[in-house]
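Note sheet for the following structure.
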Amino acid sequence: DGGITQSPKYLFRKEGQNVTLSCEQNLNHDAMYWYRQDPGQGLRLIYYSQIVNDFQKGDIAEGYSVSREKKESFPLTVTSAQKNPTAFYLCASSIDHASGWETQYFGPGTRLLVL
Amino acid sequence: DAKTTQPPSMDCAEGRAANLPCNHSTISGNEYVYWYRQIHSQGPQYIIHGLKNNETNEMASLIITEDRKSSTLILPHATLRDTAVYYCIAQSKAAGNKLTFGGGTRVLVKP
Chain A
467 DGGITQSPKY
477 LFRKEGQNVT
487 LSCEQNLNHD
497 AMYWYRQDPG
507 QGLRLIYYSQ
517 IVNDFQKGDI
527 AEGYSVSREK
537 KESFPLTVTS
547 AQKNPTAFYL
557 CASSIDHASG
567 WETQYFGPGT
577 RLLVL
Chain B
1313 DAKTTQPPSM
1323 DCAEGRAANL
1333 PCNHSTISGN
1343 EYVYWYRQIH
1353 SQGPQYIIHG
1363 LKNNETNEMA
1373 SLIITEDRKS
1383 STLILPHATL
1393 RDTAVYYCIA
1403 QSKAAGNKLT
1413 FGGGTRVLVK
1423 P
């Protein structure tokens, strides 16, 4: 079964704690993305990566960090510097950047709550 | 990316066609029009995209005006499972493939 998986579905964070959200894809896509969605709002881009070992900041990267050591994996760490982390986090991937087709396919999301 | 404007909400009767409008009057020649939808608490789902020509797939049809300043997504026979927020996005490759999601249109399909 091909697709994008995110885990966990729900995650609770204590004050001052770093947490890592997992995103894995077996679609052989080159590019991967992380978005944040607040209630009733659209999605905002946090980070994206077009190739292994390279990634770029999106519109709201402060308080977040990522790594891209493997093509199929793009974990997101929400650091203690992110003062308002409660949100729905969505990971996406897209086919070869150079081909010109940039349709993004999304995972099911992780809902992060602060205790 | 060009800004897109969509109505905040609309209702549709089950079994009827749903026509979702989108304005993108500042769209440039290399920007595609993409449509995604998001069912409550799920990740967005790709529906269709186009540049100049009308497009059709198993989910929907996309009608783009000749001047490309607006488009319409058509769900030919709406079902209750089509209830979702529908996002219209104008995306250029120069923007680094970043999708900019606005507020979308909340579509409620009623029996």
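Chains A and B supply the protein sequences, listed in that same order. FYI, in my numbering the residues of the first sequence are 467 to 581. FYI, in my numbering the residues of the second sequence are 1313 to 1423. Idealized CB from N, CA, C, for every residue including glycine.
Cβ contact annotation for Tyr1398 (chain B) (same chain, cutoff 7 angstroms, sequence separation greater than five): Leu1332, Trp1347, Arg1349, Leu1385, Gly1416, Thr1417 and Val1419, in chain order.
Chain-ordered, the chain B residues with CB closer than 9 angstroms to the CB of Phe572 (chain A) read Tyr1348, Gln1350, Gln1354, Gly1355, Pro1356, Gln1357 and Tyr1358. If you ignore the 5 residues before and after Thr1377 (chain B), its C-beta comes within less than 8 angstroms of the C-beta of Ser1383, all in its own chain and listed in chain order. For Leu1387 (chain B), the CB contacts under 6 angstroms within the same chain, skipping 5 residues up- and downstream, are Ala1330, Ala1372 and Asp1394 in chain order. Residue burial is scored here from C-beta neighbours: Arg1328 (chain B) has fewer than 16 other C-beta atoms within 10 angstroms and is therefore classed as exposed. Per DSSP, reduced to three states, the secondary structure at Leu1392 (chain B) is helical. Nearest Cα to Lys549 (chain A) within the set A:Pro541, A:Ile526 and A:Pro574: A:Ile526. Straight through space, the alpha carbons of Lys1364 (chain B) and Arg479 (chain A) are spaced by roughly 46 angstroms.
One Cα belongs to Lys1381 (chain B), the other to Ile1401 (chain B), and the distance between them is close to 12 angstroms. Close CB contacts of Thr486 (chain A) within its chain, under the 6 angstroms cut and outside five residues either way in sequence, are with Pro541 and Thr543 (chain order). In this structure, Gly508 (chain A) lies away from Gly1355 (chain B), with their beta-carbon atoms at least 7 angstroms apart.
Taking every protein chain shown into account, the CB of Glu1370 (chain B) has fewer than 16 other CB atoms within 10 angstroms, so this residue is exposed.
Rounded to the nearest whole angstrom, the C-alpha separation of Ala1390 (chain B) and Glu481 (chain A) is 45 angstroms. Proximity of Gly1414 (chain B) to chain A, defined by a Cβ-Cβ separation below 7 angstroms, is satisfied. Sorting A:Val532, A:Asp504, A:Ser546 and A:Ala558 by C-alpha distance to the C-alpha of Asp496 (chain A) places A:Ala558 at the top. A residue is called buried once 16 or more other Cβ atoms fall within 10 Å of its Cβ, and Thr576 (chain A) is buried on that count. At a Cβ-Cβ threshold of 7 angstroms, Phe554 (chain A) and Gln503 (chain A) count as neighbours. For Thr569 (chain A), at least one C-beta of chain B is nearer than 7 angstroms to its own C-beta. Inclusion of Val532 (chain A) and Tyr501 (chain A) in the CB contact set at 7 angstroms is not warranted, their separation being larger than that value.
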